[in-house]
Ligand code: PGA
């Protein structure tokens, strides 16, 4: 069975609640499609107005992060139950910016992935290598390690429903998109790694996105690759271009 594409916007720390609703109103008619799941991952404070503004549309709302505890004395954090109660379906876990600026590790990523599944949230699990790692020729080893730790204690049934976003760090926000060959090579290696951890059926079901300077121009070729099931889109998700990316065919 062919995997359904999933195209997600990652708004990062952009858009006030008022701006978020205005952007959604603008993008709503442009992102209509039957062929892909469309997700807007928005800042926590935008979630409630975004869920309201997307009611009755094909857009699902995702969060950009969450904590791995149920509740309690964790000032400033957002729990999985807060997300599901607000109508969130997806949550980005372990984005490279969170790893770099907020001390996220493969271990906290794993805890968050397990917690997301416990609450019926679909994690969009990020992995990716730095430019130095690519130049050292250790990209695949590094990504395999990130994936193996992220999926510790995750069941095959859960893993089949997960989304992995392969985002080379050097391609994020730089305008330097990976070549389709580079992106396909790593996404295929991720799928092979999932097959090793679980089985072929799980590997065939899991959806793997490419992220890093995806644009309306680069999306068609990237998304046509055998192991690339859509994209995680930063900068271009805040513009009308996102409509063209979603309707890339
Ligand atoms: P970009 O961001 O599309 O602006 O490169 C992608 C991401 O960080 O998810």
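Numbering (the working numbering), first residue to last: 3 to 251. Yeah, the Cβ is synthetic: ideal placement off N, Cα and C, and Gly gets one too.
Remark: fewer than three beta-carbon pairs, one from each stretch, lie closer than 8 Å, so the stretch 44-63 and the stretch 96-111 are not flagged as touching.
The alpha-carbon of residue 32 is positioned some 13 Å away from that of residue 56. Apart from the 5 residues on each side of it in sequence, residue 121 sits with its Cβ closer than 6 Å to the Cβ of 82, 86 in its chain, given in chain order. Residue pairing by DSSP places residue 62 opposite 41 in a beta bridge.
Counting other Cβ atoms within 10 Å of its Cβ, residue 17 reaches 16 or more and is therefore classed as buried. Out of 67, 167, 123, the CA that lies nearest to the CA of residue 105 is found in 67. Measuring C-alpha to C-alpha distances from residue 242 to each of 26, 9, 20 identifies 26 as the nearest. Listed as beta-bridge partners of residue 211 by DSSP are 167. Approximately 15 Å separates the beta-carbon atoms of residue 247 and residue 185; this is outside 8 Å, ruling out the contact. Under the three-state reduction of DSSP output, residue 154 falls in the coil class, being neither helix nor strand. Annotation for residue 85 indicates a beta carbon at 6 Å or more from all heavy atoms of the ligand PGA.
The three-state reading of DSSP puts residue 8 in strand, counting E and B together. When distances are taken from the beta-carbon of residue 247 to the heavy atoms of the ligand PGA, even the shortest one reaches 6 Å or more.
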